Amino acid sequence: MCNYYSIGLPFGEGQGDVAGLLRHVAESIDALRADGNVEVLGLNYSAGEVNEFGEWPRMVVFYAIES
Numbered sequence: 011m012c013n014y015y016s017i018g019l020p021f022g023e024g025q026g027d028v029a030g031l032l033r034h035v036a037e038s039i040d041a042l043r044a045d046g047n048v049e050v051l052g053l054n055y056s057a058g059e060v061n062e063f064g065e066w067p068r069m070v071v072f073y074a075i076e077s
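In the working numbering, the protein residues as written are 11 to 77.
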């Protein structure tokens with residue numbers, strides 16, 4: 011079964027830091043793997059949201075829990 015979650019940096023200054031977002035995504039995947047075997051099925055990057063602090067990119071992580 012495919013699961014997914016959306017993740018971004020906190021709202022405010024620095025929210026558009028793409029390298030920071032990628033590090034945040036990697037840390038979230040590591041946290042998932044701490045709970046068991048997880049296979050990352052795909053990643054989707056989106057930078058469509060803009061607010062007073064500029065672009066607010068997000069990523070969607072698609073994953074499966076291996077049994």
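Where a beta carbon is used, it is the ideal one built from N, C-alpha and C, also for glycine.
Fair warning: this is a prediction, and the values are worked out from it, not measured in the lab.
Looking at the backbone, the Cα of residue 26 and that of residue 43 are separated by about 26 angstroms. Note that the C-beta distance between residue 68 and residue 56 is below 7 angstroms.
With contacts defined as CB atoms closer than 7 angstroms, residue 48 and residue 14 fail to qualify as a contacting pair.
For residue 68, DSSP records a beta bridge to 18 and 56. Counting every other CB atom within 10 Å of its CB across the protein chains shown gives residue 31 a total of 16 or more, marking it as buried.
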